[in-house]
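Just below is one structure, and these are the notes that go with it.
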Amino acid sequence: MISAYLIHILILICIYLILALSLQISVGYSGMLNLGHIAFYGVGAYTSTLLALAGTPFLLCLLAAGLVSAVVGFLLSLPTDKIKGDYLALITVGFSYIVYSLMLNLDGVTRGPLGIPGIPRPEIFGFKFDSNTSFLILSVVVTTLTYLAIKRIVDSPFGKLLEAVRDDEFGAKILGKNTFKAKSFSLIIASLFAGFAGSLYAHYITFIDPSSFSLMQIIPIISIVIVGGLTSLPGTVVATFVLVLIPEALRFVGLPSSILGPMRQIISSVILLVILIYKPKGFWGRVELE
Amino acid sequence: MTDKHILKIENLKKSFGGVHAVDGCSVEVPRGKITALIGPNGSGKTTVFNLISGTIKADGGKIIFNDKKISNLSPEVISNLGISRVFQQSRLFVNLSVFDNLLIAFDNEDQKFWKSVLGLNSTVRHDKEKVIKEMLESVRLGHMLDKPAKDLSFGQKRLAELLRAMINPHDLLMLDEPIAGVTPELRDKIRGILSGVRGKGETVLLIEHDMNFTLRVADYVVVMDAGKVIASGSPDEIKTNSKVLEAYLD
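Protein chains in written order, with the numbering used here: chain F, 4 to 293; chain H, 358 to 607.
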């Protein structure tokens with residue numbers, strides 16, 4: 004049914020949007036090419052799942068998912084303080100692999116490749132978000148709050164400090180700024196919201212396994228951030244719709260399912276390449292990716 | 358009682374490979390005056406600046422600022438102790454507006470995450486905005502307030518950086534070639550700004566190659582050659598110093 008399909012797509016757009024908006028903080032505003040963002044998403048999903056299966060109410064699961072991811076984000080900020088650019092990208096790729104390997108091999112906690120089924124749908128103050136329509140409303144609320152919170156952060160003096168660190172970290176130090184603290188906070192905030200996205204995903208799909216959090220999943224998210232434009236939150240919103248909907252259109256072409264998945268990643272990558280070559284600031288960005 | 362010298366450099370040493378960029382340099386910077394550090398190219402002036410501001414680590418010697426040893430502290434700690442600096446090359450945050458470039462230098466309130474995000478310092482911000490607008494208007498940069506710093510011309514960047522260093526809380530203002538490459542009109546404007554700074558009793562340490570400019574604005578001049586101080590005194594004393602003339606003629 005088309006409407007059920009559309010609702011499903013809109014929920015996915017919400018989850019992608021939270022991931023992309025939060026990645027904007029570290030990549031766009033702080034200039035840290037963080038390719039390990041999916042790891043925080045995974046940490047959030049597993050945290051929320053394990054707590055929910057232990058009987059914890061959804062709101063606490065959501066909160067804990069964000070907080071645990073934020074702690075992991077802080078831990079990642081410790082060894083990466085003095086690392087920039089391509090090197091930081093490589094380290095965050097390594098970090099993503101480590102988290103992925105843990106999900107795959109900590110059988111006692113994550114059930115490894117078998118994944119965890121039976122994740123309950125959210126229930127808040129007695130209202131159970133059983134239907135996809137109600138889940139979409141919940142997703143829109145969480146996404147809107149995420150957008151407003153991130154907008155508030157990036158428009159604040161702290162957000163300007165992040166941009167200063169991105170433009171010239173040494174210049175910021177010369178003005179007396181503690182750039183480690185700023186970058187660390189940036190990763191903490193980005194991972195906090197990625198954790199929320201992970202929690203939403205787990206409670207929507209009701210099943211998680213490590214394949215949902217592999218490194219390859221970063222491609223559509225980083226594509227959204229770059230296509231929308233670094234430091235552009237409205238651009239991120241538009242790019243999320245475009246980059247989620249364009250590959251979905253392939254469904255109607257009648258391609259076999261074995262080709263459909265790879266084709267989506269190819270399309271995301273081609274769009275990313277074209278944008279990087281012809282419009283390096285993305286559509287609405289102020290800053291070029293270095 | 359406050360020491361009459363805000364900054365004391367004792368037997369400072371820094372080598373790069375086999376090159377002794379700073380070789381036992383000792384300088385005293387008097388409080389409330391404009392001190393110029395001059396010397397031929399490669400004499401070690403900028404290296405001394407870098408050592409004072411913590412950009413590079415010294416191999417030996419001491420730097421005392423406001424009676425506190427600051428040698429080899431990190432740049433942000435030194436900045437927060439009260440040393441503000443303008444570099445030879447522009448270090449403006451190119452994607453931030455001119456206004457934000459100046460606002461960020463005011464204090465470290467932006468580092469207080471919750472206060473910053475919740476807007477709990479908005480009253481103070483209003484006062485800061487007023488000061489920044491007045492400063493920019495005074496150098497005819499008011500119309501560039503909301504423009505990204507990358508859109509400024511070379512001269513406008515020098516001015517904006519000078520204003521930013523002045524806004525950054527400090528007891529000592531260090532300027533590395535503030536008029537290099539600027540137009541004569543802008544040079545006069547910067548001289549006017551420095552006169553204003555002197556009028557307020559601030560301390561400035563200046564590197565400048567333009568001798569006419571330097572000898573007109575400085576109260577005290579220190580001359581370096583080959584990493585050492587070869588002379589110091591008033592501009593009139595320096596003009597006639599035979600060692601100085603020899604160093605510049607070599």
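Cβ atoms here follow ideal geometry from the backbone N, Cα and C, with glycine treated the same way. On a predicted model such as this, the values are computed, not experimentally measured, just so you know.
- Determine the DSSP secondary structure at H:Asp-484, reduced to helix, strand or coil. Here H:Asp-484 sits in helix by DSSP.
- Specify the secondary structure class of H:Glu-534 as computed by DSSP and reduced to three states. coil
- Item | Beta-carbon neighbours of H:Ile-461, restricted to chain F and to distances below 7 Å | Those are Lys-163, Leu-164, Ala-167 and Leu-178, listed as they occur along chain F.
- Query: With 8 Å set as the bound, which would you pick, yes or no: does the beta-carbon of F:Ser-51 sit closer than that to a beta-carbon of chain H?
  - Reply: So, not an interface residue.
- Query: In three-state DSSP terms, what is F:Ile-16?
  - Reply: It is helical.
- Task: Indicate whether at least one CB of chain F lies closer than 8 Å to the CB of H:Val-405.
- Result: no
- Message: Let's test the definition: count the other Cβ atoms within 10 Å of the Cβ of F:Thr-50 and tell me whether it reaches 16, buried, or not, exposed.
- Response: buried
- Taking C-beta to C-beta, are F:Val-290 and F:Thr-209 nearer than 8 Å? No, Cβ-Cβ distance for F:Val-290 and F:Thr-209 is not below 8 Å.
- Hey, out of H:Asp-567, H:Lys-419, H:Pro-541 and H:Leu-438, whose CA is closest to H:Gly-512's CA? H:Pro-541
- Message: Rounding to the nearest angstrom, what Cα-Cα distance links F:Ile-41 and F:Val-256 in this structure?
- Response: 29 Å
- Query: From the DSSP output, which residues share a beta bridge with F:Val-290?
  - Reply: F:Leu-233
- Query: Applying a beta-carbon distance threshold of less than 7 Å, which residues of chain F neighbour H:Phe-450?
  - Reply: Glu-166, Ala-167, Asp-170, Asp-171 and Gly-174
- Got a sec, what are the start and stop residues for the alpha helix (DSSP H) H:Pro-669 sits in? No statement about residue 669 of chain H is possible, as the shown extent of chain H runs from 358 to 607 and does not include it.
- Task: Label H:Leu-532 either buried or exposed according to how many other C-beta atoms from any shown protein chain fall within 10 Å of its C-beta, with 16 as the threshold for buried.
- Result: buried
- Measure the C-alpha to C-alpha separation of H:Ser-441 and H:Val-455 and round it to an integer number of angstroms. Taking the straight line from one Cα to the other gives about 18 Å.
- So, does the CB of F:Val-74 fall closer than 8 Å to a CB anywhere in chain H? no
- Could I get the ranges of all uninterrupted alpha helix (DSSP H) runs contained in the stretch 30 to 68 of chain F, with 4 residues as the minimum, in chain order? 40 to 56
- Item | Segments assigned beta strand (DSSP E), at least 3 residues, entirely inside the stretch 382 to 425 of chain H | 391 to 395 and 417 to 422
- Would you kindly check if the distance between the Cβ of F:Ser-142 and the Cβ of F:Cys-64 is under 8 Å? no
- Task: Compute the Euclidean distance between the alpha carbons of H:Gly-476 and H:Asp-360, then round it to the nearest angstrom.
- Result: 40 Å
- Query: When the cut-off is 8 Å and only beta carbons count, does F:Phe-196 lie next to chain H?
  - Reply: no
- Task: Would you mind giving the Cβ-Cβ distance between F:Lys-186 and F:Val-168, rounded to the nearest angstrom? I have them listed as a contact below 8 Å.
- Result: 6 Å
- Query: So which residues on chain F does H:Gln-468 lean against when the C-beta distance must stay under 8 Å?
  - Reply: Phe-161, Leu-164, Lys-180, Asn-181, Lys-184 and Ala-185
- Shorter than 8 Å from the beta carbon of H:Arg-548 to some beta carbon of chain F? Closer than 8 Å: no.
- Go ahead and pull the three-state DSSP assignment for F:Pro-269. The sequence as given places Ile at residue 269 of chain F; Pro does not occur at that position. Note: F:Ile-269 maps to helix in three-state DSSP.
- Query: Between H:Val-379 and H:Gly-396, is the Cβ-Cβ spacing less than 8 Å?
  - Reply: no
- Task: Using the Cα positions of F:Pro-123 and F:Asp-212, report the straight-line distance between them to the nearest angstrom.
- Result: 15 Å
- Message: Using a 10 Å radius around the Cβ and a threshold of 16 neighbouring Cβ atoms, would you call F:Asp-170 buried or exposed?
- Response: buried
- Message: Measuring only the C-alpha atoms, how far is F:Pro-160 from F:Thr-59?
- Response: 37 Å
- Report the residue from H:Val-376, H:Ser-372 and H:Asn-423 whose alpha carbon sits nearest the alpha carbon of H:Ile-366. H:Asn-423
- Task: With DSSP collapsed to three states, give me the class of F:Ser-194.
- Result: helix
- Item | According to DSSP, residues forming a beta bridge with H:Tyr-577 | H:Thr-392
- Message: Across the stretch 446 to 454 of chain H and the stretch 416 to 430 of chain H, are there enough close Cβ pairs to call them in contact, namely three or more that are closer than 8 Å?
- Response: no
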